[in-house]
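Here our numbering is used: position 53 in the sequence shown is 488, and no number is missing along the way.
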Amino acid sequence: MICELPRFPCSLSKRPLTARGHLAATTSPIDESHWPLMGVPTGAVSGLDVLDVDAAGLVWLDQNYSRLPATRAHETRSGGRHLLFNHAQGLRCSAGRVATGVDVRADGGYVIWWPRAGLRVLSDAPVADWPRWLLELAQPSSGAPPPFQIALNGLRAPGGVSTTRNLRKRTKHILRIVERAEEGTRNNRLFWAACRFGEMVAEGVVREPVAVQLLESAATLCGLVVDDGRGRVRATIASGLSVGARTLETSR
Numbered sequence: 436m437i438c439e440l441p442r443f444p445c446s447l448s449k450r451p452l453t454a455r456g457h458l459a460a461t462t463s464p465i466d467e468s469h470w471p472l473m474g475v476p477t478g479a480v481s482g483l484d485v486l487d488v489d490a491a492g493l494v495w496l497d498q499n500y501s502r503l504p505a506t507r508a509h510e511t512r513s514g515g516r517h518l519l520f521n522h523a524q525g526l527r528c529s530a531g532r533v534a535t536g537v538d539v540r541a542d543g544g545y546v547i548w549w550p551r552a553g554l555r556v557l558s559d560a561p562v563a564d565w566p567r568w569l570l571e572l573a574q575p576s577s578g579a580p581p582p583f584q585i586a587l588n589g590l591r592a593p594g595g596v597s598t599t600r601n602l603r604k605r606t607k608h609i610l611r612i613v614e615r616a617e618e619g620t621r622n623n624r625l626f627w628a629a630c631r632f633g634e635m636v637a638e639g640v641v642r643e644p645v646a647v648q649l650l651e652s653a654a655t656l657c658g659l660v661v662d663d664g665r666g667r668v669r670a671t672i673a674s675g676l677s678v679g680a681r682t683l684e685t686s687r
């Protein structure tokens, strides 16, 4: 697929290595072997738009996944997702309009083509059109709250326990504490964060696989995975999730 798309070189920090940025993208045969990363412009120029879901947006993605059509999807370096859609005429880039941690790359933007860097193609389905409900969120808002926020208001967990209010804000705050943790505090903060996510798993507002993914991504960003190894990090997460879930159950 990539051989048919306009592309241009990017640095490891994802910045274009051309004076004209993504405007220098080409479909001509070219030696790309020395490019650290490959960028692909989004929007009308390539015919592709991308829903860019970072770690903070994975909860939103999990809540809405069943409403999305099958389409090509890539894993990203930060642990997020790129969902590819056919370009919607007039759609432009935006940040956080759909939800916290969910950005839109369309006219005027670009994305890194992560499969070239060795990351997984999560779905090799044909690129789909935007579903109407999501396109409405991606375009300038009329001021109405998004369906995801409406769905959270007043939600209650089994047994009558009130669920976490403002789920996106709480998860972002918890993850930021881990992401910014300094050496010597990182494992303790990861365990604390896992306990908080364990409570939310027990509430029924976050699925455990999503919680693990979010926490691993945060541990990666603060350097704990590199220093302690993924196995130890996962053990800390599993322990914290278990403690958090038990704590909520005993309080019911």
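By construction, the Cβ of each residue, glycine as well, lies at the ideal position given by its N, Cα and C atoms.
- Residue environment: residue 559 is assigned as exposed (fewer than 16 neighbouring CB atoms within 10 Å of its CB, all protein chains considered).
- Within its own chain, the residues whose Cβ lies closer than 8 angstroms to the Cβ of residue 566, once the five positions on either side in sequence are excluded, are 502, 503, 504, listed in chain order.
- The beta-carbon distance between residue 516 and residue 528, rounded to whole angstroms, is 17 angstroms. This is too long to meet the 8 angstroms contact definition.
- Around the CB of residue 644, fewer than 16 other CB atoms lie within 10 Å, so the residue is classed as exposed.
- For residue 564, there is no enclosing alpha helix (DSSP H), as DSSP marks it with neither H nor E.
- Taking the C-beta atoms as reference points, residue 679 is found nearer than 8 angstroms to residue 633.
- At least 8 angstroms separates the beta-carbon of residue 556 from that of residue 602.
- Put simply, of 674, 471, 479, 484 the residue whose alpha carbon is nearest the alpha carbon of residue 449 is 471.
- Less than 8 angstroms divides the Cβ of residue 460 from the Cβ of residue 476.
- In this structure, residue 506 sits away from residue 607, with a CB-CB distance that is not shorter than 8 angstroms.
- Residue 625 is a Cβ neighbour of residue 668, given a cutoff of 8 angstroms.
- Membership of residue 534 in the beta strand (DSSP E) is indicated by the continuous run 529–534.
- If you draw a straight line from the Cα of residue 521 to the Cα of residue 674, it is about 42 angstroms long.
- Residue 676 is positioned such that its CB atom lies closer than 8 angstroms to that of residue 629.
- One Cα belongs to residue 538, the other to residue 531, and the distance between them is close to 5 angstroms.
- One thing to note: residue 518 has its Cβ within 8 angstroms of the Cβ of residue 488.
- C-alpha of residue 646 to C-alpha of residue 543: approximately 33 angstroms in a straight line.
- Residue 465 sits exposed, since fewer than 16 C-beta atoms from the chains shown fall within 10 Å of its C-beta.
- The continuous stretches of beta strand (DSSP E) do not include residue 644, which lies in the alpha helix (DSSP H) extending over residues 643–656.
- Rounded to whole angstroms, the separation of the alpha carbons of residue 563 and residue 514 is 22 angstroms.
- Secondary-structure assignment with DSSP links residue 545 through a beta bridge to 476.
- In the DSSP assignment, residue 487 forms a beta bridge with 517, 538.
- Annotated three-state conformation of residue 558 is strand, per DSSP.
- Taken through DSSP and simplified to helix, strand or coil, residue 508 comes out as strand.
- Per the coordinates, the alpha-carbon of residue 497 lies some 21 angstroms from the alpha-carbon of residue 655.
- Taking C-beta separations shorter than 8 angstroms and ignoring five residues to either side along the sequence, the partners of residue 509 in its chain run 516, 517, 519, 548, 549, 550, 554, 555, 556, 557, following chain order.
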